[in-house]
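**Student:**
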Amino acid sequence: MTPPEVLISGAGLAGPALAHQLHRYGFRPTVVEKAPALRDGGYKVDIRGAATEVLKRMGLFAAARAADTGMRHVTYVRRDGRPIARLDANLLMGRRGDDLEVMRTDLTRILYDATATDVEYVFGDAIATMTDGPHGVDVTFVSGATRRFDVVVGADGLHSATRRLAMGDVALRHLGAHIAIFDVPDELGLDREEVFYTEPGRMVFAYSTGPDAPAKVGLVFGDAAPSLGREVLADRFAGLGWQVPRFLEHLRDADDVYFDALSQVELPRYSAGRVVLLGDAAHCPSPAAGQGTSMALVGAYLLAGELAAAVGDHRAAFDRYEARLRPYAERNLAFGVKMAGDMVPGGRLSLAVRNYGMRTLKYHPLKRQLIERITRPLHEAANAIELPSYPMAPVA
Numbered sequence: 037m038t039p040p041e042v043l044i045s046g047a048g049l050a051g052p053a054l055a056h057q058l059h060r061y062g063f064r065p066t067v068v069e070k071a072p073a074l075r076d077g078g079y080k081v082d083i084r085g086a087a088t089e090v091l092k093r094m095g096l097f098a099a100a101r102a103a104d105t106g107m108r109h110v111t112y113v114r115r116d117g118r119p120i121a122r123l124d125a126n127l128l129m130g131r132r133g134d135d136l137e138v139m140r141t142d143l144t145r146i147l148y149d150a151t152a153t154d155v156e157y158v159f160g161d162a163i164a165t166m167t168d169g170p171h172g173v174d175v176t177f178v179s180g181a182t183r184r185f186d187v188v189v190g191a192d193g194l195h196s197a198t199r200r201l202a203m204g205d206v207a208l209r210h211l212g213a214h215i216a217i218f219d220v221p222d223e224l225g226l227d228r229e230e231v232f233y234t235e236p237g238r239m240v241f242a243y244s245t246g247p248d249a250p251a252k253v254g255l256v257f258g259d260a261a262p263s264l265g266r267e268v269l270a271d272r273f274a275g276l277g278w279q280v281p282r283f284l285e286h287l288r289d290a291d292d293v294y295f296d297a298l299s300q301v302e303l304p305r306y307s308a309g310r311v312v313l314l315g316d317a318a319h320c321p322s323p324a325a326g327q328g329t330s331m332a333l334v335g336a337y338l339l340a341g342e343l344a345a346a347v348g349d350h351r352a353a354f355d356r357y358e359a360r361l362r363p364y365a366e367r368n369l370a371f372g373v374k375m376a377g378d379m380v381p382g383g384r385l386s387l388a389v390r391n392y393g394m395r396t397l398k399y400h401p402l403k404r405q406l407i408e409r410i411t412r413p414l415h416e417a418a419n420a421i422e423l424p425s426y427p428m429a430p431v432a
């Protein structure tokens, strides 16, 4: 029997994770990525709850744990830079047990290195057209090459081109905020520390994962923007205190700036014919949730397992994949909506209340219990699925 051929669009996190599992089951995965090489850069990502178990079953948990950022503290500061509160990073961010925080580029490299010798990667190309038929999907690439695949997987993110080709334009759910992230020299001497500064409708954060690492700066604002760009950011954050003027100077010359609206993907179906969506392409919860990476890993594990269990019946596999994943995804989407609403205080009163709470929390005798109670919804969302076990026998 010829191994089933699966085309995966996107070499971020979800795509290589799926390719890793499909190869173990005897499939022949091909990953196509429009970027000319594996993407570097990106920000910190969390691996929580069920996703840590996925990494263990993939045999990659030790490598991910070795790449943990080891962030130590989170500090909230006033306009003049004086601290409001300084708290333990793992406690405040709700990490428990085996939960990890790694740089996205490190996790991408771990997944790629685990698959590069067994999986075909095609960089600098993308899907141009797809024709779904009874015997496979005929794909024409931007390069002009043509091939037939048994299944096509769109793992190409929030603005998925694969989703658009298979399902048409899908309206994103905008959560009312925009975000930009870029590198700056670590002039503050941040060493595994993250600092937050907030004004009504705007939030700035900066962190570094080590003494020799650059600092990452994030700018978040809560009002509507006709477009996203450096000029818009300079306008929205003009006049702010702390280190913001210096950050805006670095923004002018920053090489790789991530801009986007905080948005979610909500679909009535994760598949159409022989095409199925994975990760943010199917159910982006927005960066506000902090769960996109975990959802991608869990989804990759489930999709590979169901394709293997279905032994060639893609329709049955897609149905079971969605039935298992959707309740977990919807729980995390709902959590993302809540977090986006809390991310940027809208007025001075709400900001003052939050700052007062932070200032007094560090002295509270039940500080740990209070923070664990506050972060319980995140912990519950991260664990809102029971992972099935799949047979490891190859399908071919």
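Each residue of the sequence shown is one higher than the one before, counting from 37 in the working numbering.
Glycine included, C-beta positions come from ideal geometry on N, C-alpha and C.
Do glycine 225 and valine 240 have their CB atoms nearer than 8 Å?
**Tutor:** Along the sequence shown, one-based indexing puts residue 225 at 189. Along the sequence shown, one-based indexing puts residue 240 at 204. Not in contact: glycine 225 and valine 240 (Cβ atoms no closer than 8 Å).
**Student:** Can you grab the Cα-Cα spacing for the pair glutamate 277 / aspartate 289, in whole Å?
**Tutor:** Along the sequence shown, one-based indexing puts residue 277 at 241. Along the sequence shown, one-based indexing puts residue 289 at 253. The displayed chain sequence assigns glycine, not glutamate, to residue 277. Approximately 21 Å between the Cα atoms of the pair.
**Student:** Does the distance from the C-beta atom of serine 299 to that of leucine 414 stay below 8 Å?
**Tutor:** Residue 299 sits at position 263 when you count from the first residue of the sequence shown. Residue 414 sits at position 378 when you count from the first residue of the sequence shown. Their beta carbons are not under 8 Å apart, which means serine 299 does not touch leucine 414 by this criterion.
**Student:** Let me confirm a value: tyrosine 357 is counted as buried when at least 16 other C-beta atoms fall within 10 Å, else exposed. Which label applies?
**Tutor:** As a first step, residue 357 must be located in the sequence shown, where it is residue number 321. By the 10 Å Cβ count, tyrosine 357 comes out buried.
**Student:** In the DSSP output, what is valine 67 paired with across the bridge?
**Tutor:** Residue 67 sits at position 31 when you count from the first residue of the sequence shown. Note: valine 67 sits in a beta bridge opposite Ile44 and Tyr157.
**Student:** Could you tell me if histidine 171 is buried or exposed, where buried requires 16 or more neighbouring beta carbons within 10 angstroms of its beta carbon?
**Tutor:** Walking along the sequence shown from the start, residue 171 turns up at place 135. Label assigned to histidine 171: exposed.
**Student:** For the segment 298 to 373, which segments carrying the beta strand (DSSP E) assignment without a break, of at least 3 residues, lie completely within its bounds, in sequence order?
**Tutor:** Entirely contained in the segment 298 to 373, the beta strand (DSSP E) runs reaching 3 residues are, in chain order, 311 to 313.
**Student:** Are the CB atoms of glutamate 230 and methionine 379 within a distance shorter than 8 Å?
**Tutor:** Locating residue 379 in the sequence shown gives position 343, counting from the first residue. Locating residue 230 in the sequence shown gives position 194, counting from the first residue. Against a cut-off of 8 Å, the Cβ pair of glutamate 230 and methionine 379 comes out as no contact.
**Student:** Please tell me whether glycine 51 and alanine 191 are closer than 8 Å, where the distance is taken between their beta carbons.
**Tutor:** The count along the sequence shown starts at 1 and reaches residue 51 at position 15. The count along the sequence shown starts at 1 and reaches residue 191 at position 155. Yes.
**Student:** Just checking my contact of arginine 209 with alanine 317 at CB under 8 Å: how many whole Å lie between their CB atoms?
**Tutor:** Position 173 of the sequence shown, counted from the first residue, corresponds to residue 209. Position 281 of the sequence shown, counted from the first residue, corresponds to residue 317. Between alanine 317 and arginine 209 the Cβ distance is about 14 Å, and since that is not below 8 Å, they are no contact.
**Student:** Relative to the C-alpha of proline 321, which candidate in Asp174, Ala71 and Gly372 has its C-alpha closest?
**Tutor:** Here residue 321 is taken as the residue at index 285 of the sequence shown, counted from 1. Taking only the C-alpha atoms, the option nearest proline 321 is Gly372.
**Student:** Between proline 247 and the rest of its own chain, which residues show a CB-CB distance below 6 Å, the 5 nearest in sequence each way excluded?
**Tutor:** Within the sequence shown, residue 247 is the residue found at index 211, counting from 1. Excluding positions up to five away in sequence, the list reads Asp227.
**Student:** Extract the residue ranges of the beta strand (DSSP E) inside the segment 144 to 199, only unbroken runs of 3 or more that lie entirely within it.
**Tutor:** You should have 156 to 159, 163 to 169, 172 to 177, 182 to 185 and 187 to 190.
**Student:** Which residue comes first and which comes last in the beta strand (DSSP E) that contains threonine 111?
**Tutor:** In the sequence shown, residue 111 corresponds to position 75, counting from 1. Here the beta strand (DSSP E) through threonine 111 covers 109 to 113.
**Student:** Which whole runs of the alpha helix (DSSP H) in the segment 68 to 143 are 4 residues long or more, in chain order?
**Tutor:** Segments of the alpha helix (DSSP H) lying fully in the segment 68 to 143: 86 to 94, 97 to 102 and 125 to 128.
**Student:** Which residues bound the alpha helix (DSSP H) around aspartate 271?
**Tutor:** In the sequence shown, residue 271 corresponds to position 235, counting from 1. It spans 266 to 272 - the alpha helix (DSSP H) in which aspartate 271 sits, taken as one unbroken run.
**Student:** By Cβ distance, which residues of its chain are closer than 6 Å to glutamate 69, with the 5 residues on each side in sequence left out?
**Tutor:** The residue labelled residue 69 in the question sits at position 33 within the sequence shown. Same-chain partners within the cutoff: Ala47 and Phe159.
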